[in-house]
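Note sheet for the following structure.
Structural data, given as structure tokens:
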């Protein structure tokens with residue numbers, strides 16, 4: 056991804072792409088839990104996720120039955136062997152009944168089994184079919200934006216629990232938060248992770264949709280994206296900018312989410328100043344000092360990051 060971005064941004068500049076030496080193993084910058092840098096507190100994380108779910112995973116799925124019904128329609132689930140058999144026995148049939156969801160928490164991961172996990176995966180597949188220009192995403196059964204929003208709410212819901220819960224997000228996001236702070240804070244040039252020299256004018260970090268959600272959860276950044284039902288879409292960028300006010304040389308941080316709409320993806324719309332990607336300016340909820348443009352002072356942003364990061368998870 057980094058090489059493709061560099062080639063598209065500056066094709067004749069031979070920009071160096073920095074990675075860890077062993078590209079076949081998990082990268083602690085993007086997941087310090089999987090690489091054993093730090094661990095989750097099982098009981099604390101379980102309590103936090105269940106509280107966020109409304110008390111239990113059953114409560115969580117129960118509040119999303121409208122979305123599950125829509126997914127069942129697209130899957131033609133009522134005509135499945137399971138449901139036809141239950142119908143003969145005068146029994147109700149639903150995905151959440153057939154596949155009860157269970158939360159699993161370990162030292163290095165959180166996951167959901169059952170209908171919630173399946174729904175998140177399937178709805179993202181449908182979105183990728185649409186984005187790739189396939190003729191009939193979801194067997195031609197998804198035809199309007201309301202259906203897309205309803206279906207992808209299940210994918211967003213899983214991320215809301217597993218990736219944005221602060222007790223998970225703060226641990227997973229800490230190495231990225233440290234790198235972002237090093238990039239935004241004025242200081243003499245220093246070598247950082249994997250040979251990157253900071254500060255620099257632009258630092259492009261090629262991560263995952265989970266990293267976007269982790270950073271959002273750690274910094275209490277919330278967003279919805281007009282024209283894009285996936286809150287962490289392919290190619291989505293969480294952008295941190297440092298601005299300087301000329302009148303007093305004060306430093307300010309602007310955070311935004313830049314994304315392609317689903318229609319832009321499907322149409323392969325060339326992005327330009329005339330046909331730009333979508334952009335949503337984000338608000339740092341915990342910032343105590345803002346300017347007229349809604350930016351957070353560098354000092355305020357630094358405080359938010361320091362309170363969010365988990366020192367044990369730093370590299």
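Numbering (my numbering), first residue to last: 56 to 370.
C-beta atoms are modelled at their ideal positions from N, C-alpha and C, and glycine is treated no differently.
About 25 Å separates the beta carbons of residue 82 and residue 182, which is beyond the 8 Å limit, so they are not a contact pair. Around the Cβ of residue 136, a 10 Å sphere holds fewer than 16 other Cβ atoms; the residue is exposed.
The beta-carbon distance between residue 337 and residue 313, rounded to whole angstroms, is 11 Å. This is too long to meet the 8 Å contact definition. Spatial neighbours of residue 193 in its own chain (CB-CB distance under 6 Å, excluding positions within 5 residues in sequence) are listed in chain order as 129, 181. When DSSP states are grouped into helix, strand and coil, residue 95 belongs to the coil group. Pairing residue 251 with residue 73 gives a Cβ-Cβ distance under 8 Å.
Across the structure, residue 85 and residue 266 are spaced so that their CA atoms are roughly 7 Å apart. Under the 10 Å beta carbon count, residue 175 is surrounded by 16 or more other beta carbons and is classified as buried. Bounds of the beta strand (DSSP E) holding residue 333 are 333 to 337. Residue 246 is bridged by DSSP to 252. Residue 308 has 297, 351 as its beta-bridge partners, per DSSP. For residue 172, the uninterrupted alpha helix (DSSP H) run begins and ends at 170 to 186, by DSSP. Assignment of residue 314 by DSSP, reduced to helix, strand and coil, places it in the strand class. Put simply, of 308, 306, 262 the residue whose alpha carbon is nearest the alpha carbon of residue 288 is 262. In terms of Cβ geometry, residue 104 and residue 220 form a close pair [threshold 8 Å]. A direct Cα-Cα distance of roughly 27 Å separates residue 366 from residue 298.
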